[in-house]
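Enquirer: Chains as they are written, first to last, in our numbering: chain A, -5 to 324; chain B, -5 to 324.
No residue lacks a Cβ here, since even glycine has one placed at the ideal position from N, Cα and C.
(1) If you check the beta carbons only, do residue 208/B and residue 194/B fall under 8 Å apart?
(2) Taking a contact to mean a Cβ-Cβ separation below 8 Å, would you say residue 112/B touches residue 162/A in this structure?
(3) What runs of the alpha helix (DSSP H), each 4 residues or longer, lie entirely inside the stretch 31 to 114 of chain B?
(4) Taking Cβ positions only, does residue 128/B come closer than 8 Å to chain A?
(5) Are residue 155/B and residue 236/B closer than 8 Å when you measure CB to CB?
(6) Starting from residue 193/B and walking both ways along the alpha helix (DSSP H), at which residues does that stretch end?
(7) In whole angstroms, give me the CA-to-CA distance for residue 87/B and residue 64/A.
(8) Look at the alpha carbon of residue 142/A and the alpha carbon of residue 55/A, and state the distance between them as a whole number of angstroms.
(9) Quick one: any contact between the stretch 121 to 137 of chain B and the stretch 64 to 82 of chain A, if contact means 3 or more CB pairs under 8 Å?
(10) Over the uninterrupted alpha helix (DSSP H) stretch that includes residue 319/A, give me the two end residues.
(11) In three-state DSSP terms, what is residue 154/A?
(12) Which of helix, strand or coil does DSSP assign to residue 281/A?
(13) Pick out the complete alpha helix (DSSP H) segments inside the stretch 132 to 182 of chain B, 4 residues or longer, and give them in chain order.
(14) Can you find a CB in chain B that lies within less than 8 Å of the CB of residue 85/A?
(15) Spatial neighbours of residue 313/B within its chain, please: C-beta separation below 7 Å, excluding the five flanking residues on both sides.
(16) For a test of your reading of the model: does the CB of residue 77/A fall under 7 Å from any non-hydrogen atom of the ligand PLP? Yes or no.
(17) Can you find a C-beta in chain A that's less than 8 Å from the C-beta of residue 67/B?
(18) Rounded to a whole number of angstroms, what is the C-alpha to C-alpha distance between residue 130/B and residue 131/A?
(19) Can you confirm whether residue 195/A, when its beta carbon is compared against all beta carbons of chain B, has any partner nearer than 8 Å?
(20) Tell me whether residue 6/B is buried or exposed, calling it buried when 16 or more other Cβ atoms sit within 10 Å of its Cβ.
(21) From the DSSP output, in three-state form, read off residue -5/A for me.
(22) From residue 34/A to residue 259/A, what distance separates their C-alpha atoms?
(23) Going by DSSP in three states, residue 127/A sits in which element: helix, strand or coil?
(24) Are there 16 or more other CB atoms within 10 angstroms of the CB of residue 247/A, so buried, or fewer, so exposed?
(25) CA-CA distance, residue 264/A and residue 234/A?
(26) What do you reckon, are the CB atoms on residue 210/B and residue 270/B nearer than 8 Å?
(27) What did DSSP end up calling residue 187/A once you bin it into helix, strand or coil?
(28) Apart from the five residues just before and just after residue 201/A, which ones in its own chain have a Cβ nearer than 7 Å to its Cβ?
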């Protein structure tokens, strides 16, 4: 548990560096949603318990802080990216038929799928309404573009469910959209609204993107290996839904034709015994450790993008975040 | 069919008055969506067949035209309101488990619910991305606020499903959000971006709102009475889902206690015989004609808001639109 402890410590350090701004980000988030009346108030209260480590708001605020110009627009847009992330979680839980998120019943279980779909829409549209309150159409455009790519990634993933021929490149395109894009835009906004140069903007966007890629690969590994109890959400859903992720794609492409046929049969069988066999082969084939290595490469890519930032406590935290993002899910 | 014919004629007249702008609105709509790659291209092609009479874009463009200043921002924002409307239709079809829309299989039937949820999100986020292309944060704020209210109306509706005690006031609040708001903002945008005064902006917003209220009441009456073949979508879904609308709410509140108990039992039974009995009582109690009268009152309210506009062909069409909206669904 040493890793988990240090991940928590890092998040606490990050939060304390941007403490007041983070508090105002939280208030902005709550105020924006509170206008919806009694029919959403109880759902908002319930889903407050889903919220995690605020990785995306922290990326935005820390980036701005590291550039020496953290301002009101960052607080608003940090709340916006968190709201969009929450919207995608609510809709993901419908799609995955998940029952638990962060040890709490999902909206679809606590209420129903209809409410989940509409509450996700409510969050999306409030995120855009809040983005407009910056008075910057450019902020709205950036948020709009990022969410377009998130949806494309998710659509590509759903439409490849059951496709056992999916390539690594397709997998990377999917996670680049569904996960890395929102981390990338969080950092880009942090830099842009701090008045950084185009070159610094681009570096920090790439930093966020590589961090997001690493994070999603680690999340997919965790889905295959960890227990429901530990992470507080329904696990093993990817394999059950025939949603192939990096370890399994690598395994399918590295084993012998006979083993591949066997693996495909186990995937189709979908029993707990066959799932264990799949997992054993993914590990023994080396595909699992190879996927972990790829995640580590993305964290190294991320760190390299920070070189041009001047030394500061915020930079030090940013340097440590990629490794943390693969050690513990946020 | 005389009414239907004249409704089609009116839409044709409206479209010809703003012909080039409407064509560019369509192109803007298509171009915005076409960036999504192969995994959405086939869904976009399919849902193109859902599209109706473009009531909301026409409201925006005609309003601007009637004020003598129809410009590029109107074309963009007319495409935005149509895209948001399409997003709500796609998500509504998931919620209603509808199988047909405009004689075409819904996205949830042709693909699956997951794809519907994500494609609806894709449309929402592209609508906001497109709104930002006006360079006006105020446009983004107006669109954001209107979609917030649409979602609130829909959430209130879903959470009142099965509530046989629902009041007329609750019903009006629901349809004001889920339907009237988008018609209202279409007209408001038409006026605001034509440079009209605050007073004209407010009048035209009220015009759109009253038209939308009339339209939704008529749609709810149609859901109870018409056949699937005529309207091209799955009907009688409201009653089947215990979603009470104006005629039924009025009927429940106007019949004797014994008849009310009987009515409640028929609603719970949910068979085709009990549905016929419900419909007979709604008609014989006078609740159906009373609901129709209310729709007509809203059309009169709408027309009154146009008084201050100078005479023009666009004004003449706007004056006729409310009555058309209750004669034929768009």
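Expert: Reading from the atomic positions:
(1) For the purposes of this step, residue 208/B is identified with residue 214 of the second chain, where counting begins at 1. For the purposes of this step, residue 194/B is identified with residue 200 of the second chain, where counting begins at 1. Not closer than 8 Å, so no.
(2) Residue numbering aside, residue 112/B sits at position 118 when the second chain is read from its first letter. Residue numbering aside, residue 162/A sits at position 168 when the first chain is read from its first letter. Cβ distance not < 8 Å, so residue 112/B and residue 162/A don't count as in contact.
(3) 32 to 41, 49 to 60, 66 to 90 and 101 to 104
(4) Here residue 128/B refers to the residue found at position 134 when the second chain is read from its first residue. So yes, residue 128/B belongs to the interface.
(5) For the purposes of this step, residue 155/B is taken as the residue at position 161 of the second chain. For the purposes of this step, residue 236/B is taken as the residue at position 242 of the second chain. Yes, these two residues count as a Cβ contact at 8 Å.
(6) For the purposes of this step, residue 193/B is taken as residue 199 along the second chain, with counting starting at 1. Note, residue 193/B: alpha helix (DSSP H), 192 to 219.
(7) Position 93 of the second chain, counted from the first residue, corresponds to residue 87/B. Position 70 of the first chain, counted from the first residue, corresponds to residue 64/A. Approximately 43 Å, taken between the alpha carbons.
(8) Working through the first chain from its first residue, we reach residue 142/A at position 148. Working through the first chain from its first residue, we reach residue 55/A at position 61. When rounded, the distance between both Cα atoms is 23 Å.
(9) no
(10) As a position in the first chain, residue 319/A is number 325, starting the count at 1. Its alpha helix (DSSP H) spans residues 307 to 321.
(11) The residue labelled residue 154/A in the question sits at position 160 within the first chain. The answer is coil: DSSP assigns residue 154/A none of H, G, I, E or B.
(12) For this step, residue 281/A is matched to residue 287 along the first chain. If DSSP states are grouped into helix, strand and coil, residue 281/A belongs with the helices.
(13) 162 to 169
(14) Position 91 of the first chain, counting from 1, holds the residue named residue 85/A. With 8 Å as the cut-off, residue 85/A counts as an interface residue toward chain B.
(15) Reading the second chain from its first residue, position 319 is the one you call residue 313/B. Only 297 and 300 meet the Cβ criterion.
(16) The ligand PLP is not among the ligands present in this structure, which contains no ligands whatsoever.
(17) Counting from one through the second chain, the residue named residue 67/B turns up at place 73. By this cut-off, residue 67/B is not an interface position.
(18) As a first step, residue 130/B must be located in the second chain, where it is residue number 136. As a first step, residue 131/A must be located in the first chain, where it is residue number 137. Roughly 6 Å separates the two Cα atoms.
(19) Taking the first chain and counting its residues from 1, one reaches residue 195/A at position 201. Output row for residue 195/A: interface = no.
(20) The residue given as residue 6/B occupies position 12 in the second chain. Residue 6/B is exposed by the Cβ-count criterion.
(21) Position 1 of the first chain, counted from the start, is the residue given in the question as residue -5/A. Low confidence applies to residue -5/A: its pLDDT is 39, below 50, so where it sits in the model is not reliable enough to give any reading.
(22) As a working note, residue 34/A is residue 40 in the first chain. As a working note, residue 259/A is residue 265 in the first chain. Taking the straight line from one Cα to the other gives about 45 Å.
(23) As a first step, residue 127/A must be located in the first chain, where it is residue number 133. If DSSP states are grouped into helix, strand and coil, residue 127/A belongs with coil.
(24) Here residue 247/A refers to the residue found at position 253 when the first chain is read from its first residue. Exposed is the call here.
(25) Taking the first residue of the first chain as 1, we reach residue 264/A at position 270. Taking the first residue of the first chain as 1, we reach residue 234/A at position 240. When rounded, the distance between both Cα atoms is 6 Å.
(26) Within the second chain, the letter at position 216 stands for residue 210/B. Within the second chain, the letter at position 276 stands for residue 270/B. Taking 8 Å as the Cβ cut-off, residue 210/B and residue 270/B do not qualify as a contacting pair.
(27) If you number the first chain from 1, residue 187/A lands on position 193. Reduced to three states, the DSSP call for residue 187/A is coil.
(28) Translated into the one-based positions of the first chain, residue 201/A becomes position 207. Once the five neighbours on either side are set aside, the close Cβ partners of residue 201/A are 181, 296, 299 and 300.
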